[in-house]
Amino acid sequence: MPEGHVLHRLAREHEKALADAALTVSSPQGRARAAAADLDGTTLLAVEAIGKHLFYRSAATTLHVHLGLFGRFRSYHADVPPPRPTTRLRIQGGSTTIDLIGPTDCRIVDRDEEETIRERLGPDPLRADGTAEEFAHRLSRRRITIGAALLDQRVIAGVGNIFRAEALFVAAIDPLRSAASVPLAEATALWETIRTLMREGVRLGRIVAREPVELGLRSRGSIRNADALYVYKRQTCLRCGGTIGSAAVGGRSLYWCPSCQS
DNA sequence: TCTTTATGGTGAG
DNA sequence: TCACCCTAAAGAT
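The numbering used here runs 345 ahead of the 1-based position in the first sequence.
Next up, the structure:
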């Protein structure tokens with residue numbers, strides 16, 4: 346159940362574990378037989394993350410993976426269990442075995458198909474090619490709320506339901522404001538907020554929005570999971586004590602503090 | 001043993 | 001906006 350930081354970590358992890366290895370690939374569930382056959386026996390060159398998408402590249406073939414809401418990977422280095430009935434793809438290379446379970450998408454893509462996927466994605470704050478200017482530009486053209494816009498992967502790639510809620514709180518932006526009405530300076534600041542939160546997410550392997558100093562701690566990493574978020578799924582605001590609002594925005598439950606974010 | 005929920009996304013109407 | 005796809009774990013009964 347990943348937002349962008351998880352995918353970028355996975356790309357690093359999988360590339361480190363599998364690059365230059367000859368792959369043994371199977372599809373225990375049977376639904377990814379074609380992809381497994383194409384990838385089997387090839388040598389992995391690189392794994393790239395763009396937003397919530399992963400691309401596994403060997404010389405002649407690229408595998409596209411999107412985990413969706415339910416997808417997950419499991420890695421094994423020893424004591425590899427037999428695949429579960431739901432294991433879509435098992436990739437083994439070197440001393441690592443990686444199982445892919447329940448992805449929304451998992452198939453070989455050609456150059457055109459990859460291009461189509463990339464065209465649907467806005468700037469990714471975790472990538473060097475993602476820029477605040479591009480984000481602000483795309484934001485300014487959307488006639489939806491800023492809360493809905495942050496979940497739109499064409500506006501910004503990799504943000505999910507937790508990052509949008511937490512970033513809007515940290516940036517003190519009312520989620521129901523119109524995306525197009527957010528001034529450039531504020532959009533730029535929001536981009537920086539998101540990028541900082543997501544980079545910390547990659548570093549820590551979890552989402553921690555709270556500042557350690559608020560909890561009398563020295564590092565973000567020492568914040569307990571229960572204390573890590575400002576508004577997501579909370580009842581009361583940690584800053585003002587007011588009631589956290591929640592409503593479906595952009596098709597998902599959004600949480601915000603009507604008093605701190607106005 | 002159910003029912004519910006979840007950090008996502010697509011395509012039809 | 002809605003129905004639908006994918007899976008596992010937690011909570012309710």
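Here a beta-carbon is modelled for each residue, glycine too, at the ideal position from N, C-alpha and C.
All of these numbers come straight from a predicted model, not from anything done at the bench.
Q.
I need the straight-line Cα distance from residue 409 to residue 503, nearest angstrom please.
A. Answer to the nearest angstrom: the Cα atoms are 16 Å apart.
Q | Endpoints, the alpha helix (DSSP H) within which residue 531 is located | A | Residues 529-549.
Q) For the ligand NAP, is there a heavy atom less than 7 Å away from the beta-carbon of residue 538? A) Because no ligand of any kind appears in the structure shown, any question about the ligand NAP cannot be addressed here.
Q.
Suppose contacts are defined by Cβ-Cβ distances below 8 Å. Is residue 413 in contact with residue 373 by that definition?
A. Result no, Cβ atoms of residue 413 and residue 373 do not sit closer than 8 Å.
Q: Please classify residue 473: does DSSP put it in a helix, a strand, or coil?
A: Coil.
Q) In the DSSP assignment, what residue or residues form a beta bridge with residue 594? A) According to DSSP, residue pairing for residue 594 in a beta bridge involves 597.
**Q.** Helix, strand or coil at residue 357 according to DSSP, with G and I counted as helix
**A.** Looking at residue 357 - three-state DSSP - the assignment turns out to be helix.
Q: With residue 461 as the anchor, note down where its alpha helix (DSSP H) starts and where it stops.
A: Unbroken alpha helix (DSSP H) run through residue 461: 456-464.
Q.
Within the continuous beta strand (DSSP E) that includes residue 391, where are the two ends?
A. It spans 389-395 - the beta strand (DSSP E) in which residue 391 sits, taken as one unbroken run.
Q: Could you please give the first and the last residue of the uninterrupted beta strand (DSSP E) stretch that includes residue 436?
A: Following the DSSP letters along the chain, one finds residue 436 inside the beta strand (DSSP E) bounded by residues 432-438.
Q.
Per DSSP, what are the beta-bridge partners of residue 450 in this structure?
A. Secondary-structure assignment with DSSP links residue 450 through a beta bridge to 411.
Q) Between the segment 355-364 and the segment 381-392, are three or more C-beta pairs nearer than 8 Å? A) Because the criterion of three Cβ pairs below 8 Å is met, the segment 355-364 and the segment 381-392 touch.
Q. Can you check whether the CB of residue 368 is closer than 8 Å to the CB of residue 385?
A. With contacts defined by Cβ atoms closer than 8 Å, residue 385 and residue 368 form a contacting pair.
Q: Can you tell me which of the three DSSP states residue 567 falls into?
A: Here DSSP, grouped into helix, strand and coil, assigns residue 567 to helix.
Q.
Residues in the same chain with beta-carbon distance under 8 Å from residue 465, minus the five sequence neighbours each way, listed in chain order, please.
A. Excluding positions up to five away in sequence, the list reads 498 and 499.
Q) Below 8 Å between beta carbons: does that hold for residue 521 and residue 492? A) Their beta carbons are under 8 Å apart, which means residue 521 touches residue 492 by this criterion.
Q) Per DSSP, residue 443 forms a beta bridge with which residues? A) DSSP lists 420 and 436 as partners of residue 443.
Q) In terms of residue numbering, what span does the beta strand (DSSP E) encompassing residue 402 cover? A) Here the beta strand (DSSP E) through residue 402 covers 398-403.
(Q) If the criterion is Cβ atoms closer than 8 Å, does the pair residue 601 and residue 512 meet it? (A) Contact: no.
Q) Around the C-beta of residue 548, are 16 or more other C-beta atoms found within 10 angstroms, so that it is buried, or is it exposed? A) The residue is exposed, with fewer than 16 neighbouring Cβ atoms inside 10 Å.
Q. DSSP state of residue 523, grouped into three classes?
A. Strand at residue 523.
Q: Out of 421, 415 and 519, state which residue places its alpha-carbon closest to the alpha-carbon of residue 592.
A: Of the candidates 421, 415 and 519, the residue whose Cα lies closest to the Cα of residue 592 is 519.
Q. Could you give the distance in angstroms between the alpha-carbon of residue 444 and the alpha-carbon of residue 403?
A. Within the model, the alpha-carbon separation for residue 444 versus residue 403 is close to 18 Å.
Q. If you draw a straight line from the C-alpha of residue 539 to the C-alpha of residue 607, how long is it?
A. Answer to the nearest angstrom: the Cα atoms are 19 Å apart.
(Q) Looking at the secondary structure, which residues open and close the beta strand (DSSP E) in which residue 370 lies? (A) First-last of the beta strand (DSSP E) with residue 370: 369-371.
Q: Tell me whether the beta-carbon of residue 576 lies closer than 8 Å to the beta-carbon of residue 514.
A: Pairing residue 576 with residue 514 gives a Cβ-Cβ distance under 8 Å.
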